[in-house]
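In numbering that gives the first Met the number 0, the protein residues as written are 0 to 52. All C-beta atoms, glycine included, are put in the ideal place defined by N, C-alpha and C.
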Amino acid sequence: MNVYPAIGKVAIINNTADEQRTTVYDGNGNPHSMILRSEELRWESYDENSIII
């Protein structure tokens, strides 16, 4: 995961050839489960307190 605060975005990346299940935690410690397809790059909104999925 790469965070870009200047543009309010976070990139969640699966750089494998296989589907991946993962959990991303926001700034408040809340879990967000997701499934990423192989080689998927997903952009989500971000602020200093949380990731908006």
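Only residues of its own chain outside the window of five on either side were considered, and among them Q19, L35 and E39 have a CB closer than 6 Å to the CB of N13, listed in chain order.
Your pair A16 and S37 checks out as a contact, with CB atoms roughly 5 Å apart and the cut at 8 Å. The alpha-carbon separation between G26 and M0 amounts to approximately 14 Å. Rounded to the nearest whole angstrom, the C-alpha separation of M33 and V23 is 8 Å. With fewer than 16 other Cβ atoms from the protein chains shown falling within 10 Å of its own Cβ, Y3 counts as exposed.
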